[in-house]
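Residue numbers for the sequence shown follow the numbering used here, so the first one is 56 and each next one is one higher.
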Amino acid sequence: MAVMKNHTIVGENICKPLRSFTSVSAIIRHHHERRDGSGYPDGLKGLQIPLGARILQLADVYDALTTARPYKEALSAANALRIMGEEVDKGWWDPELFPIFKKLVEKEFSRISPDGSEP
């Protein structure tokens, strides 16, 4: 787990020399922080976590929950959003950003028919 947690710092270090990535290095480094301070790598809390990282957290968690992995099946959008809502209640994700993210996901899925095609 320690090696896996290091990916945020490794990613930041890979991108650091690239001038075009200067504005996103904090997002790369802090996208696994949690609002309650229990995240990594720096244990940032609340608004200490850059806004871009707080936004990417939601997309990253949603992607992890809704994508099949060798160790788990993909969850439906509804189940993923339910779990993420529970995690907001635990203090992990931004409670002001999550409703906006949820509304965007629900709006996108309301445009798709049950067979997966877009109107």
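Cβ coordinates follow ideal geometry from the N, Cα and C atoms, glycine included. Owing to the predicted nature of the structure, the values given are computational and were not obtained by experimental measurement.
- Residue burial annotation: Arg124 is exposed, with fewer than 16 other C-beta atoms found within 10 angstroms of its C-beta.
- Taking every protein chain shown into account, the CB of Leu159 has fewer than 16 other CB atoms within 10 angstroms, so this residue is exposed.
- By a beta-carbon distance limit of 8 angstroms, Arg74 does not contact Asp149. Their separation comes to about 29 angstroms.
- One thing to note: Arg84 has its Cβ within 8 angstroms of the Cβ of Pro96.
- The three-state reading of DSSP puts Arg74 in helix, counting H, G and I together.
- Val79 and Glu67 have their C-alpha atoms some 9 angstroms from each other.
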